[in-house]
Amino acid sequence: MRLKNALGRGLPLMLLGASLACSACSDGGPSGPGPSGEREKNVVKGKATDTAGKPLAGVEVVADNQVLYNSNVVGVTGTDGTYRLELGQAATTWNASARLKRDFNGRSYTFELHPSNATPFAGNEGAVRDFSWKLTGAKPEGGAYGSGVYFNLADYVDPADPDQALQREHVELTLTPVGSLVDGSTGTPVTARGTNTPDGFGFPDLPLGRYTVTGRYAPPGQAVRPLLVRVQDQGTYAESVTADFQPVMEGLYRLDVELKFP
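This is the structure in structure tokens:
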């Protein structure tokens, strides 16, 4: 277990030793019961599980002191997925979060785990906070656990009818997973039309994986026509492109593509 800035402003030195001794214990050690069941005073504990509900080892759990600056307590889940962090006796409020790092197709990705309860808690009351890995879905504070695929049309007007402006809403993309998703599960092809989002036009919440992307232009009541596609500003257009998600910042990944008529 690593402890980051545990002393903060005025936390007693004895608390550092207590955290080092017990915060990563999976069975609770001599200071109390294990991380399942009832909460303990001055302790946050719980379990991290993967997308199949199995224990996740090596998850970094952070207890963030909401009152004392730079006084977080950090631990790592054991082989059984459990953690236990001792918070000391300071009368402050805490919030718990967890993140998981995974290597996938030669890249390193970081995922924020979903808390069983996202509300802060009083240290003297303690708390049980379990965490689960979700590939998609809404985060408690906003945003999504999935990654975004966004696209633009390189053509502004229909080459078959120069008086007709093209609309992204008529573009239909198919994204087919290549190999397993980042959690090792089997993905499902997705065929859909994009929507406007704060981050661009497309799909903001897809499970992270490697995808082959194809597109077609399908206005209502008109003939469907294939589109060529490429990763934005990279290479030549083709009938399909296979690509990975790229990092925007830690924990935020996206894939941007461009489409045009043949």
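Using this note's numbering, read the sequence shown as starting at 5 and increasing by one per residue. Ideal placement from N, C-alpha and C gives every residue a C-beta, glycine not left out. None of these values were measured; they are calculated from a predicted model.
Counted within 10 angstroms of its Cβ, other Cβ atoms place residue i as buried (16 or more) or exposed
{"i": "Tyr113", "result": "buried"}
{"i": "Pro208", "result": "buried"}
{"i": "Val153", "result": "buried"}
{"i": "Gly219", "result": "buried"}
{"i": "Ser49", "result": "Here the sequence assigns Lys to residue 49, which means Ser is not the residue at that position. That one is buried."}
{"i": "Gly92", "result": "buried"}
{"i": "Asn109", "result": "exposed"}
{"i": "Met5", "result": "Low per-residue confidence applies at Met5: pLDDT is 37, beneath 50, and the placement is therefore not dependable, though the value from the model is reported in the following sentence. The residue is buried, with at least 16 neighbouring Cβ atoms inside 10 Å."}
{"i": "Tyr215", "result": "buried"}
{"i": "Asn74", "result": "exposed"}
{"i": "Asp167", "result": "exposed"}
Selected residue, minimal CA-CA separation from residue i, among the options
{"i": "Val233", "options": "Pro223, Val245, Leu91, Pro181", "result": "Val245"}
{"i": "Ala164", "options": "Ala122, Pro59, Asn46, Phe265", "result": "Phe265"}
{"i": "Gly137", "options": "Gly127, Thr123, Pro144, Pro119", "result": "As written in the sequence, residue 137 is Trp, which differs from the Gly given in the question. Among Gly127, Thr123, Pro144, Pro119, the Cα nearest to that of Trp137 is on Pro119."}
{"i": "Glu176", "options": "Thr97, Gln70, Leu157, Gln238", "result": "Leu157"}
{"i": "Glu116", "options": "Ala222, Ala142, Val182", "result": "Ala142"}
{"i": "Val268", "options": "Ala247, Gly206, Phe205", "result": "Summary: the structure shown does not reach residue 268, with the chain confined to residues 5 through 266, and so no result is reported for it."}
Helix, strand or coil at residue i [DSSP, three-state]
{"i": "Arg133", "result": "coil"}
{"i": "Ser27", "result": "Low confidence applies here, because Ser27 scores a pLDDT of 36, under 50, leaving its location unreliable and the question unanswered by this model."}
{"i": "Glu176", "result": "strand"}
{"i": "Asp54", "result": "coil"}
{"i": "Thr96", "result": "coil"}
{"i": "Gln171", "result": "coil"}
{"i": "Glu254", "result": "coil"}
{"i": "Phe265", "result": "coil"}
{"i": "Pro223", "result": "coil"}
{"i": "Val153", "result": "strand"}
{"i": "Leu210", "result": "strand"}
{"i": "Thr114", "result": "strand"}
Contact under 9 Å by Cβ, residue i with residue j
{"i": "Leu139", "j": "Thr55", "result": "yes"}
{"i": "Lys51", "j": "Gly130", "result": "no"}
{"i": "Gly82", "j": "Glu64", "result": "no"}
{"i": "Pro211", "j": "Leu170", "result": "no"}
{"i": "Asn121", "j": "Arg133", "result": "yes"}
{"i": "Val217", "j": "Leu259", "result": "yes"}
{"i": "Ala95", "j": "Asn69", "result": "no"}
{"i": "Thr240", "j": "Phe135", "result": "no"}
Discussion item. Across the stretch 208-227 and the stretch 69-87, are there enough close Cβ pairs to call them in contact, namely three or more that are closer than 8 Å?
Written reply: no
Fill in: Cβ pair count under 8 Å reaching 3, the stretch 250-259 against the stretch 180-194
no
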